[in-house]
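In the numbering used here, the protein residues as written are 302 to 483.
The following block contains the structure:
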């Protein structure tokens, strides 16, 4: 029975993380004003619209804040946390559930930015290989530029090396370590 619980916990965590990640990516791309017509943006919109559009009828946006998406992300993450604890035979109190949910959503957001910066830095090594207009590069630039631009003001490029990505990676990874130690 223990193996079955582990498999169930793995499936729950994986499926919830993928869908919540898609919603968070959609929100980040919207906040950074990424190209809406990019094929990856369109994919994210297509897989998240069936849930977000009906929620927006109940929970309209408050200024620039997409209330429906935030409620969906927090609700799905809370459900995931509850199910995972329940599978382990634990029944969390409401305060533990709320704190764990918010903390894990923040960790997911920081992780998305961290991976985006890492992938962009790696892909920049191959920039001379004529990658053309790559939809992934376009979105990575949209996501990471708000983080890298301030770092470039502090540490300008040295010759052909842009060290701003390393600085941002160190900062984001430090934030993740701090959040995971709470």
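For each residue, glycine too, the CB sits at the ideal point set by N, CA and C. As the structure is a computational prediction, the values presented were derived from the model and not from experiment.
- DSSP lists 459 as the beta-bridge partner residues of residue 462.
- Taking the Cβ atoms as the reference, residue 420 lies roughly 14 angstroms from residue 322, outside the contact range of under 8 angstroms.
- Under DSSP, residue 366 takes part in a beta bridge, and its partners are 363.
- Between the alpha carbons of residue 331 and residue 348 lies a gap of roughly 15 angstroms.
- Remark: C-beta atoms of residue 470 and residue 411 do not approach each other more closely than 8 angstroms.
- From the listed residues 371, 450, 338, the smallest Cα separation to residue 354 is found for 371.
- Each of 307, 342, 400 was checked against the Cα of residue 389, and the nearest Cα belongs to 307.
- For residue 474, same chain residues with a beta-carbon under 8 angstroms away, outside a window of 5 residues either side, are 415 in chain order.
- At least 8 angstroms separates the beta-carbon of residue 482 from that of residue 336.
- Beta-carbon to beta-carbon, residue 398 and residue 383 are separated by about 6 angstroms, close enough to satisfy the 8 angstroms threshold.
- No residue range can be given for residue 335, since it is assigned to no alpha helix (DSSP H) and is classified by DSSP as neither H nor E.
- DSSP places residue 435 outside both helix and strand once states are collapsed to three, so it counts as coil.
- Taking 8 angstroms as the cut-off, the beta carbon of residue 444 is found closer than this to the beta carbon of residue 333.
- Residue 441 is classed as buried because its beta carbon has at least 16 other beta carbons within 10 Å across all chains shown.
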